[in-house]
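Here the structure is laid out as structure tokens; the discussion comes afterwards.
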Amino acid sequence: MNSINADYEESDDCILFKKNVFFHTHVNSSQSNNLLTFIEEETNPHDIIVIANSDDASNTALFNCRELLCNISLNEILESKYGYKCYIPQRDGFEGHNQVIRLLLEEEYKKLNNTNNNAELTEEEITTCVQYLIYILDMGHFIPNAHVVLGHIDEPMDEGVVVELAWGRTLGKAVIGWRTDIRPVFGDMTHSLKGIHWFVSNQCDKYIYHAFHDIVNTKEATSQLYVVAESIHEAITACEIEGKFSASRPVSLQPSSSIQQQWLNHGKIIFDGITNFHAQNNLRLIVQRLLTLKQQGLFCLPAVINKHH
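For what it's worth, our numbering labels the leading residue of the sequence shown as 134, then goes sequentially.
Below is the structure:
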């Protein structure tokens, strides 16, 4: 377990949510190298959760260089200039720590079954646990505790982003989408939606379109990203004036579906009282709580009907 000690050190950099925003981005800048912890900002009480879209189904772009640089760059502007508190998956989620979580799952499962020295999770069970942890972090913790869900909705659209935008909408969050594509996929560029599928844009309270025309260097790209950030700030301010924040706090959330309520409950069970999700002891506690839910058969998963093995 030395690898865990090397990768996860105790940190006080994580923050508690006050008002959150959840968003997606792309651009060129490499000013930030802090990919694991929250940045504390006190100038603006809004928290932001950040998400990202993908290039193809097998390799989500939010974990390649382009998407990483864009998310970090826009995140820095929103946090440093406007004082928002942001969540971005590359820095704050679990996707980049798969192997550490898998090792902890194996260790803690043996402890739960200490009367059986041969107790082991199957490979599929481990994968399912990791996937469920990532899912509940977003659906049961970050989005419910956010004020704003901000999505970068360029093509090709990522399935997870669409679900997260819809979940934010269901919970009454302010949902903001931003898009830069200059090639339409649906309709044409003369329409105000600029070629996006209307099922996605209709999830948004505010829809921002900003084309990065004639960008030939990173300085110009960064300048344009500041314009996007200003538009996002204006959209968030408008949502607050319209009263979108007052009814979207966790204590007010009453989803109609019992399964949706379980997502919220599982978010509380797994993450309650923990602010730094990447500290080793905290991550171990998270895994212990996750396995307890699994042992009780409480994961909210579909019944798989597979007639062809």
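Backbone N, C-alpha and C define an ideal beta-carbon position, used for all residues, glycine too.
The model shown is predicted, which means the values in this text are computed figures rather than measured ones.
Given residue 408 as reference, the closest of 262, 214, 226 and 431 once Cα atoms are compared
In the sequence shown, the residue the question calls residue 408 occupies position 275. The candidate whose alpha carbon is nearest that of residue 408 is 226.
Q: Assign residue 331 to buried or exposed, taking buried as 16 or more other Cβ atoms, counted over all protein chains shown, within 10 Å of its Cβ.
A: Reading the sequence shown from its first residue, position 198 is the one you call residue 331. That one is exposed.
*Around the Cβ of residue 279, are there at least 16 other Cβ atoms within 10 angstroms (buried) or fewer (exposed)?*
In the sequence shown, counting from the first residue as 1, residue 279 sits at position 146. So residue 279 counts as buried.
Between residue 243 and the rest of its own chain, which residues show a CB-CB distance below 7 Å, the 5 nearest in sequence each way excluded?
For this step, residue 243 is matched to residue 110 along the sequence shown. For residue 243, where only same-chain residues beyond five positions count, the Cβ hits under 7 Å are 252.
Requested in this report: Compute the Euclidean distance between the alpha carbons of residue 283 and residue 299, then round it to the nearest angstrom.
Outcome: Sequence index remark: in the sequence shown, residue 283 carries index 150 (1-based). Sequence index remark: in the sequence shown, residue 299 carries index 166 (1-based). For residue 283 and residue 299, the distance between alpha carbons rounds to 11 Å.
With DSSP as the reference, please indicate the residues paired to residue 392 in a beta bridge.
Within the sequence shown, the letter at position 259 stands for residue 392. The partner list for residue 392 (beta bridge, DSSP) is empty, contrary to what the question assumes.
For residue 214, which residues in the same chain have their Cβ closer than 6 Å to its Cβ, ignoring the five residues on either side in sequence?
For this step, residue 214 is matched to residue 81 along the sequence shown. If we look at residue 214 and ignore the five residues flanking it on each side, it has no Cβ neighbours.
- Grab the span of the beta strand (DSSP E) containing residue 283 for me, first residue to last. In the sequence shown, counting from the first residue as 1, residue 283 sits at position 150. Start and end: 281-285.
*Check residue 215 in the structure and name its three-state DSSP category.*
Reading the sequence shown from its first residue, position 82 is the one you call residue 215. In the structure shown, residue 215 sits in coil (DSSP, three-state: anything other than H, G, I, E or B).
Check the C-beta distance from residue 364 over to residue 343 and give it rounded, since I have them as a contact under 8 Å.
In the sequence shown, residue 364 corresponds to position 231, counting from 1. In the sequence shown, residue 343 corresponds to position 210, counting from 1. Sure, about 7 Å apart at Cβ, within 8 Å.
Environment of residue 336 [buried if 16+ CB atoms lie within 10 Å] | Numbered from 1 along the sequence shown, position 203 holds the residue referred to as residue 336. The residue in question, residue 336, is buried, as its Cβ has 16 or more Cβ neighbours within 10 Å.
Between the Cα of residue 377 and those of 431, 416, 428 and 302, spot the shortest distance and give me the residue it belongs to.
-> Within the sequence shown, numbered from 1, the residue matching residue 377 stands at position 244. Residue 377 has its Cα closest to that of 302, out of 431, 416, 428 and 302.
Quick one: Cα of residue 427 to Cα of residue 329, how far?
As a working note, residue 427 is residue 294 in the sequence shown. As a working note, residue 329 is residue 196 in the sequence shown. Approximately 39 Å, taken between the alpha carbons.
Checklist line | Outcome for residue 223 when other beta-carbon atoms lying within 10 angstroms are tallied against a minimum of 16 | finding: Against the sequence shown, residue 223 aligns to sequence position 90. Classification of residue 223: buried, given that the 10 Å Cβ count is 16 or more.
**Item:** residue 310, enclosing alpha helix (DSSP H) - first and last residue
**Value:** Numbered from its first residue, the sequence shown carries residue 310 at position 177. Not the alpha helix (DSSP H): residue 310 falls in the beta strand (DSSP E), residues 307-312.
Open item on the list: Tell me which residue opens and which closes the beta strand (DSSP E) that residue 267 is part of.
Closed with: Indexing the sequence shown from 1 puts residue 267 at position 134. It is not in any beta strand (DSSP E) - residue 267 instead sits in the alpha helix (DSSP H) that spans 256-269.
- Message: Quick test of the definition: if touching needs 3 or more C-beta pairs under 8 Å, does the stretch 406-426 touch the stretch 227-240?
- Response: yes
> Exposed or buried, what is residue 212 when buried is set at 16 or more other beta-carbons lying within 10 Å of its beta-carbon?
Replying inline: Translated into the one-based positions of the sequence shown, residue 212 becomes position 79. It is buried - the Cβ of residue 212 has at least 16 other Cβ atoms within 10 Å.
Task: Collapsed DSSP secondary structure at residue 180 in the structure displayed - done: Residue mapping note: residue 180 aligns to position 47 of the sequence shown, counting from 1. Strand, per DSSP.
Please report the straight-line C-alpha distance between residue 148 and residue 360, rounded to a whole angstrom. Translated into positions along the sequence shown, residue 148 becomes position 15. Translated into positions along the sequence shown, residue 360 becomes position 227. Note on residue 148: pLDDT 30, under 50, position unreliable in the model; no value is reported.
By a C-beta neighbour count over all protein chains shown, 10 Å radius and 16 as the cutoff for buried, is residue 390 buried or exposed?
Against the sequence shown, residue 390 aligns to sequence position 257. Answer is exposed; the Cβ neighbour count stays below 16.
- Task: Answer yes or no: do residue 338 and residue 372 have a C-beta to C-beta separation smaller than 8 Å?
- Result: Position 205 of the sequence shown, counting from 1, holds the residue named residue 338. Position 239 of the sequence shown, counting from 1, holds the residue named residue 372. For residue 338 and residue 372, yes; Cβs fall inside 8 Å.
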